[in-house]
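For the protein sequence lines, the chains are W and X, in the order given. Residue 157 is where the first sequence ends in our numbering, and the numbering goes up by one at each step. Residue 323 is where the second sequence ends in our numbering, and the numbering goes up by one at each step. Backbone N, C-alpha and C fix where the C-beta goes; we use that ideal spot for every residue, glycine too.
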Amino acid sequence: GESVGLHLPTLSVQEGDNSIINCAYSNSASDYFIWYKQESGKGPQFIIDIRSNMDKRQGQRVTVLLNKTVKHLSLQIAATQPGDSAVYFCAEKGGKLIFGQGTELSVKP
Amino acid sequence: EAGVVQSPRYKIIEKKQPVAFWCNPISGHNTLYWYLQNLGQGPELLIRYENEEAVDDSQLPKDRFSAERLKGVDSTLKIQPAELGDSAVYLCASSQRGDRNTEAFFGQGTRLTVV
């Protein structure tokens with residue numbers, strides 16, 4: 049079956065450092081991916097997306113990399129701040145929107 | 209522009225009672241999703257609507273769950289009767305259309321506690 053999963057359940061980084069959150073997907077036909085940030089008590093918040101005809105996309109302090117060969121994508125957060133502490137999900141969007149388990153990012157001051 | 213609005217934010221009910229959740233998607237969004245999220249897990253799709261048509265309800269436990277989107281805008285999700293295991297956050301999301309390359313936006317969710 050289809051699945052989108054994350055390599056690590058938790059990630060702890062020092063404030064100011066860069067963070068890298070990884071995600072593996074199993075459906076080789078997937079062609080659109082979204083990263084969401086979810087803070088406690090809130091719904092998932094759209095961060096950045098990437099289409100399969102791209103291998104990199106940059107936003108404000110965030111970069112998503114897509115490696116279709118190994119069905120892997122990552123979210124890089126530059127100069128991580130305390131406000132970045134949250135659970136991060138990758139999701140594959142076709143007709144459905146399929147989520148992985150999530151990685152909890154903790155930023156130490 | 210208002211985002212996806214859900215109500216109530218919290219609901220506590222006794223088992224075997226009915227409960228309903230309401231969602232108002234972003235204006236102009238044809239696609240509406242209902243998700244269930246257990247603690248520490250990613251959201252799991254329950255049902256997806258394209259306008260008023262339920263195009264994917266394969267994960268909806270139809271013995272006790274039902275949903276409707278009569279006019280293709282607002283939607284309600286109902287559980288009757290609720291069980292202890294239904295305690296979770298119920299999320300609603302919308303996107304302009306259900307095809308591949310449009311982002312989906314989420315509401316704040318309704319946290320259901322069944323006691």
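By the neighbour-count criterion, in which 16 or more other beta carbons inside 10 Å mark a residue as buried, Leu-240/X falls on the buried side. The beta carbon of Phe-229/X sits closer than 6 Å to those of Leu-285, Tyr-298, Thr-318, all from its chain and outside the five residues before and after it, given in chain order. Taken through DSSP and simplified to helix, strand or coil, Leu-268/X comes out as coil. In the structure shown, Asp-294/X falls within a helical segment according to DSSP collapsed to helix, strand and coil. Leaving aside the five residues that flank Arg-109/W on each side, the residues in its chain whose CB is nearer than 8 Å to its CB run, in chain order, Ile-125, Ala-126, Ala-127.
Against chain W, the beta carbon of Leu-299/X has neighbours under 8 Å at Gly-91, Pro-92, listed in chain order. Using a CB distance cut-off of 9 Å, Pro-251/X counts as an interface residue toward chain W. Just measuring C-alpha positions, the residue of Ala-262/X, Glu-291/X, Tyr-243/X, Ser-215/X sitting nearest Arg-272/X is Glu-291/X.
For Ala-312/X, there is no enclosing beta strand (DSSP E), since its DSSP letter is neither H nor E. Think of a sphere of 7 Å around the beta carbon of Asp-97/W: the chain X residues whose beta carbon falls inside it are Glu-311, in chain order. Per the coordinates, the alpha-carbon of Leu-320/X lies some 18 Å from the alpha-carbon of Val-212/X. Per DSSP, the unbroken beta strand (DSSP E) holding Lys-141/W starts and ends at 134-141.
Within chain W, the C-beta atoms nearer than 7 Å to that of Gly-317/X come from Gly-91, in chain order. Those residues of the stretch 276-287 of chain X placed with their C-beta closer than 8 Å to a C-beta in chain W do not exist. Cβ-Cβ distances below 8 Å link Gln-93/W to Tyr-84, Lys-85, Gln-86, Glu-87 in the same chain, with the five nearest sequence neighbours on each side left out; the list follows chain order. Proximity of chain W to Tyr-257/X at the Cβ level (cut-off 7 Å) is not reached, the minimal Cβ distance being about 11 Å. A contact between stretches requires three or more CB pairs, one per stretch, nearer than 8 Å, and the stretch 131-148 of chain W meets this requirement with the stretch 62-76 of chain W.
Along the stretch 65-82 of chain W, the positions whose C-beta sits under 8 Å from a C-beta of chain X are Asp-79, Tyr-80, Ile-82, read in chain order. Rounded to the nearest whole angstrom, the C-alpha separation of Gly-315/X and Arg-217/X is 10 Å.
Around the beta-carbon of Ser-266/X, fewer than 16 other beta-carbon atoms lie within 10 Å, marking it exposed.
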